[in-house]
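Colleague: First the structure, then my questions, so here it is.
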Amino acid sequence: MLDNVSVITLDQIAAEVWLLKQDGYRFVTMTCCDEGEVHDVLYHFDKNYALKHLRVKVRKGESLPSISGIYFAALLVENEMKDLLGVSVSGMVIDFQGHFMLAEGAPKAPLNKSIPGIGIQVQEKTPAAAEGTVKS
Amino acid sequence: MNRRSTIPFGPQHPVLPEPIQLHLVMENEKIIQALPAVGYIHRGLEKIAEKKDYIQDVYLAERICGICSFMHSQNYCQGIEELMKVTVPDRAKYLRVIWAETHRIHSHLLILGLLADAFGFENLFMRLWKVREQILDIMEKTTGNRVILGVCAIGGVKRDITPELADYVLRQLESVEKQLPELCDSLLKDYSVRQRLIGVGVLPKDKAHELGAVGPVARASGLRMDLRERGYAAYGDLDFKMVTEEAGDCYARTTVRVKELYTSLELVRKAIQRMPQGPIAVPVKGTPPADEVLARIEQPRGELNFYIRGNGTRNLERFRVRTPTFANLPALLHQLTGCELADVPVIAICIDPCISCTER
Numbered sequence: 000m001l002d003n004v005s006v007i008t009l010d011q012i013a014a015e016v017w018l019l020k021q022d023g024y025r026f027v028t029m030t031c032c033d034e035g036e037v038h039d040v041l042y043h044f045d046k047n048y049a050l051k052h053l054r055v056k057v058r059k060g061e062s063l064p065s066i067s068g069i070y071f072a073a074l075l076v077e078n079e080m081k082d083l084l085g086v087s088v089s090g091m092v093i094d095f096q097g098h099f100m101l102a103e104g105a106p107k108a109p110l111n112k113s114i115p116g117i118g119i120q121v122q123e124k125t126p127a128a129a130e131g132t133v134k135s
Numbered sequence: 000m001n002r003r004s005t006i007p008f009g010p011q012h013p014v015l016p017e018p019i020q021l022h023l024v025m026e027n028e029k030i031i032q033a034l035p036a037v038g039y040i041h042r043g044l045e046k047i048a049e050k051k052d053y054i055q056d057v058y059l060a061e062r063i064c065g066i067c068s069f070m071h072s073q074n075y076c077q078g079i080e081e082l083m084k085v086t087v088p089d090r091a092k093y094l095r096v097i098w099a100e101t102h103r104i105h106s107h108l109l110i111l112g113l114l115a116d117a118f119g120f121e122n123l124f125m126r127l128w129k130v131r132e133q134i135l136d137i138m139e140k141t142t143g144n145r146v147i148l149g150v151c152a153i154g155g156v157k158r159d160i161t162p163e164l165a166d167y168v169l170r171q172l173e174s175v176e177k178q179l180p181e182l183c184d185s186l187l188k189d190y191s192v193r194q195r196l197i198g199v200g201v202l203p204k205d206k207a208h209e210l211g212a213v214g215p216v217a218r219a220s221g222l223r224m225d226l227r228e229r230g231y232a233a234y235g236d237l238d239f240k241m242v243t244e245e246a247g248d249c250y251a252r253t254t255v256r257v258k259e260l261y262t263s264l265e266l267v268r269k270a271i272q273r274m275p276q277g278p279i280a281v282p283v284k285g286t287p288p289a290d291e292v293l294a295r296i297e298q299p300r301g302e303l304n305f306y307i308r309g310n311g312t313r314n315l316e317r318f319r320v321r322t323p324t325f326a327n328l329p330a331l332l333h334q335l336t337g338c339e340l341a342d343v344p345v346i347a348i349c350i351d352p353c354i355s356c357t358e359r
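Top to bottom, those sequences are chains W and X. Quick note on numbering that gives the first Met the number 0: the first sequence kicks off at 0 and runs consecutively. Quick note on numbering that gives the first Met the number 0: the second sequence kicks off at 0 and runs consecutively.
Pasting the structure below:
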């Protein structure tokens with residue numbers, strides 16, 4: 000139900016984003032979804048409350064060119080995508096090296112579908128609790 | 000001779016309500032570069048949202064933030080309603096405006112109080128928060144809760160406001176409005192407060208647009224940008240008028256928030272007076288289809304975006320949150336560059352940072 004979506008390729012990103020900037024669009028954010036073989040990356044822009052989206056498919060292992068040189072505001076979300084989804088983004092104005100959102104030793108790319116929900120597994124009961132000898 | 004040093008500002012600092020670190024590269028007392036370091040309270044909420052079903056995610060969305068909690072659940076519900084083509088009853092739309100605007104009032108009073116605390120005006124801080132208590136009382140009386148209201152649902156709302164409760168709300172608003180002028184005068188007219196805010200942390204209009212600033216930060220720089228103008232929920236029937244300022248400094252951001260207090264008071268009053276009779280929710284059946292939507296509302300800090308993608312099951316394929324503080328961080332970095340170290344606390348607090356929302 001997203002209207003105004005243009006599907007583009009990796010080599011068109013810089014030119015398309017540059018045109019939107021020249022046209023007065025504000026950078027809103029980016030969204031990345033793990034679709035197995037590829038990452039589906041959406042760029043969202045706004046002008047007078049009307050949204051415009053660019054969609055690009057990035058094969059895993061391929062590099063996504065950064066738009067932070069055009070829109071500085073994209074810098075943070077690109078670093079976040081690198082941390083949380085493992086998208087390799089090239090040419091970022093500042094590269095936090097995978098530690099923008101995640102600490103040293105944190106799981107790699109935790110939002111990818113191959114990572115089965117960290118931190119919400121039900122803890123198994125201890126033997127004592129299972130026998131009902133532990134008062135809560 | 001210029002001497003360079005790097006100062007870590009935060010993550011724990013008296014002025015910061017939540018942890019974030021700013022790496023400040025200094026040349027003597029002047030900041031020449033600022034970089035954020037986040038991740039102290041990242042909760043992985045987007046991942047959890049995929050594991051819960053779409054109804055449970057209403058509760059999850061409401062817990063993204065403890066200040067504007069209702070607006071997160073409202074935006075999530077509006078997004079799912081758009082995805083599932085659910086038409087919400089008119090009365091529910093008005094009730095959503097009432098609770099959303101009371102949230103805006105309490106959020107603005109909260110940050111104005113913290114700002115007063117940041118420049119050492121503790122009496123003003125306490126008095127602003129005392130008034131805020133009356134807004135929290137409204138929420139408690141109308142929903143049973145003071146922070147996480149738990150009244151927004153897919154298809155409408157869970158509670159109604161009776162005529163007796165509506166009278167109570169109006170009385171409380173009147174009492175709040177009587178107390179505001181004296182407090183707002185202290186914020187906007189006091190000599191020492193003006194010295195701390197005027198000309199500090201300037202964000203020109205073109206920079207605000209280029210850096211993607213939103214909310215009061217953008218409006219204080221002259222950008223006419225408030226999603227309530229689009230008329231979502233019942234805003235289209237309430238003669239909403241946007242507040243803007245031109246100077247783009249900390250004083251302008253404070254002025255926008257002060258004026259928005261009055262706008263929100265008026266919106267709640269009009270919503271109560273014009274609220275139609277009728278049901279407050281419609282039953283929702285089925286599951287979100289394999290489709291996507293970008294839901295947006297105007298939160299106290301600015302534009303809130305939820306990207307929601309369904310897959311035909313009870314679980315969502317993707318739930319992505321972009322909060323206004325995340326959008327305002329690049330603007331904060333720009334404001335800090337070139338300023339004096341002593342001004343950092345006031346500039347940082349003036350974007351109304353909400354870090355737990357930002358990190359999710």
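Glycine included, each C-beta is placed from N, C-alpha and C at the ideal position.
Going by DSSP, name the residue or residues bridged to N304/X.
Modeller: R295/X, R321/X
Colleague: If we require 4 or more residues per run, which alpha helix (DSSP H) segments fall completely within the segment 4-64 of chain X?
Modeller: 44-50, 55-61
Colleague: Using 7 angstroms as the threshold, is the C-beta distance between I104/X and I134/X below it?
Modeller: yes
Colleague: DSSP puts A280/X in a beta bridge; with which residues?
Modeller: Partner(s): G155/X.
Colleague: Determine the direct distance from the alpha carbon of Y93/X to that of M274/X, and round the result to whole angstroms.
Modeller: 6 angstroms
Colleague: Give the residues from the segment 94-106 of chain W that approach chain X closer than 9 angstroms (Cβ to any Cβ), ordered along the chain.
Modeller: F95, H98, F99, M100, L101, A102, A105
Colleague: Using a Cβ cut-off of 9 angstroms, pull out every chain W residue sitting near G38/X, in sequence order please.
Modeller: D82, H98, F99, M100, L101, A102, A105
Colleague: Going along the chain, which residues of its own chain have a beta-carbon closer than 8 angstroms to the beta-carbon of T5/X, five neighbours each way excluded?
Modeller: H22, L23, V24, M25
Colleague: Is the beta carbon of D248/X sitting closer than 7 angstroms to the one on G200/X?
Modeller: With a cutoff of 7 angstroms on beta-carbon distance, D248/X and G200/X are scored as near each other.
Colleague: Are any of the Cβ atoms in chain W nearer than 7 angstroms to that of L59/X?
Modeller: Not one chain W Cβ lies under 7 angstroms of L59/X.
Colleague: If you measure beta-carbon to beta-carbon, which residues of the segment 19-53 of chain W are closer than 7 angstroms to chain X?
Modeller: Taking 7 angstroms as the Cβ-Cβ cut-off against chain X, the residues of the segment 19-53 of chain W that qualify are R25, F26, V27, T28, T30, C32, H43, Y48, L50.
Colleague: Taking 7 angstroms as the threshold (C-beta atoms), are F118/X and V345/X in contact?
Modeller: Going by C-beta atoms, V345/X is nearer than 7 angstroms to F118/X.
Colleague: For the beta strand (DSSP E) that C353/X lies in, which residues bound it at each end?
Modeller: Looking at the DSSP string, C353/X is not in any beta strand (DSSP E), and its letter there is neither H nor E.
Colleague: Could you round the C-beta distance between P88/X and I279/X to whole angstroms and report it? I think they count as a contact, below 8 angstroms.
Modeller: 6 angstroms
Colleague: Does any CB atom of chain W fall closer than 7 angstroms to the CB of P291/X?
Modeller: Correcting the residue identity first, residue 291/X is Glu in this sequence and not Pro. Closer than 7 angstroms: yes.
Colleague: Relative to the C-alpha of M100/W, which residue among V37/X, Q55/X, R95/X, H102/X is closest?
Modeller: V37/X
Colleague: Could you compute how far the alpha carbon of M241/X sits from the alpha carbon of K59/W?
Modeller: 44 angstroms
Colleague: Counting only runs that start and end within the segment 96-155 of chain X, where is the alpha helix (DSSP H) found for 4 or more residues in a row?
Modeller: Inside the segment 96-155 of chain X, DSSP marks whole alpha helix (DSSP H) runs of 4 or more residues at positions 121-142, from first to last along the chain.
Colleague: DSSP state of A219/X, grouped into three classes?
Modeller: coil
Colleague: Where do the ends of the beta strand (DSSP E) carrying Y42/W lie?
Modeller: 37-46
Colleague: Given a limit of 9 angstroms on CB to CB distance, which residues of the segment 310-338 of chain X reach chain W?
Modeller: E316, R317, R319, R321, F325, A326, L328, P329, A330, L332, H333
Colleague: Whose C-beta lies closer than 6 angstroms to the C-beta of D56/X among residues of the same chain, with five residues either side of it excluded?
Modeller: A48
Colleague: When burial is assigned at 16 or more other CB atoms within 10 Å of the CB, is P329/X buried or exposed?
Modeller: By the 10 Å Cβ count, P329/X comes out buried.
Colleague: Using C-beta distances below 6 angstroms, list every residue in its chain close to I110/X, excluding the 5 sequence neighbours before and after it, in chain order.
Modeller: D351
Colleague: Could you tell me the distance, in whole angstroms, from the CA atom of G277/X to the CA atom of R90/X?
Modeller: 6 angstroms
Colleague: By Cβ distance below 7 angstroms, which residues in the same chain neighbour E176/X in space, the five residues on each side in sequence not counted?
Modeller: L264
Colleague: Identify the continuous alpha helix (DSSP H) that holds K177/X and give its terminal residues.
Modeller: Boundaries of the alpha helix (DSSP H) harbouring K177/X: 162-188, taken from the DSSP string.
Colleague: For I54/X, count neighbouring C-beta atoms within 10 Å of its own C-beta (all shown protein chains included) and say buried if the count is 16 or more, exposed if not.
Modeller: Exposed is the call here.
Colleague: So what does DSSP say about A14/W, is it helix, strand or coil?
Modeller: helix
Colleague: What would DSSP say about H52/W, mapped onto helix, strand or coil?
Modeller: strand
Colleague: Look at E81/X and V292/X and say whether their C-beta atoms are less than 7 angstroms apart.
Modeller: In this structure, E81/X places its C-beta atom within 7 angstroms of the C-beta atom of V292/X.
Colleague: Using DSSP's beta-bridge definition, name the partner residues of S87/W.
Modeller: Under DSSP, S87/W takes part in a beta bridge, and its partners are S62/W.
Colleague: Listing by chain order, which chain W residues have their CB less than 8 angstroms from the CB of H41/X?
Modeller: M100, L101
Colleague: Am I right that V283/X and I153/X are in contact with their C-beta atoms under 8 angstroms? What's the rounded C-beta distance?
Modeller: 5 angstroms
Colleague: Could you pull out every residue in the same chain whose Cβ sits closer than 6 angstroms to the Cβ of A129/W, ignoring the five residues on either side in sequence?
Modeller: Any reading at A129/W must be qualified, since the residue scores a pLDDT of 43, below 50, and its modelled position is unreliable; no value is offered.
Colleague: I'd like to know whether the C-beta atoms of L335/X and A99/X end up nearer to each other than 7 angstroms.
Modeller: no
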